[in-house]
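Scroll down for the structure; my scribbles are underneath it.
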Amino acid sequence: MNPLRSTRARPGAACTVTFDGRPLPALPGQTVAAALWAAGVPAWRSTRGTGRPRGVFCGIGVCFDCLVTVNGRPNQRACLVPVRPGDDIRTQEGTGLDDD
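According to our numbering, the residues represented by the sequence shown are 546 to 645, in order.
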């Protein structure tokens, strides 16, 4: 059984967000992480000490591997933050604060 057919669910029209200045499509209801994954972006943060890449780990907001800067606000969990048209999403370096 196709769950979309049984509920008659249809996604709304795509909107555009930017990731590090590059326009990306996003669907209403998607999280930042889902939009980035759908665009082929697997990592969007680097660790403070070693600079290792990070993306989604738990996907439910328990860990902090998916931190990203959204509209100038650092430390946003990409797996929890819904995208909004025009969002400016940026790779986060370390803590995302100027004092790294």
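Note that CB positions come from ideal geometry on N, CA and C, so glycine has one too.
Separation of residue j from residue i, as counted between CA atoms
i, j, result
"Gly617", "Asp632", "10 Å"
"Gly557", "Phe564", "21 Å"
"Pro627", "Val562", "11 Å"
"Arg629", "Gln621", "14 Å"
"Thr576", "Arg555", "17 Å"
Close beta carbons around residue i, own chain, < 8 Å, minus the five adjacent residues each side
i, result
"Ser591", "Arg597, Pro598, Arg599, Thr636, Gln637, Glu638, Gly639"
Cβ-Cβ separation, residue j to residue i (assumed contact under 8 Å), whole Å
i, j, result
"Leu612", "Gly641", "7 Å"
"Ala559", "Ala578", "That belief does not hold up - the Cβ atoms of Ala559 and Ala578 are roughly 17 Å apart, past 8 Å."
"Leu581", "Gly606", "Actually they do not touch by this definition, with Cβ atoms about 16 Å apart."
Own chain residues within Cβ distance below 6 Å of residue i, not counting five before or after
i, result
"Pro587", "Gly600"
"Leu569", "Val562, Ala584"
"Gly574", "none"
Backbone secondary structure at residue i - three-state DSSP
i, result
"Ala580", "helix"
"Val626", "coil"
"Gly557", "coil"
"Pro587", "coil"
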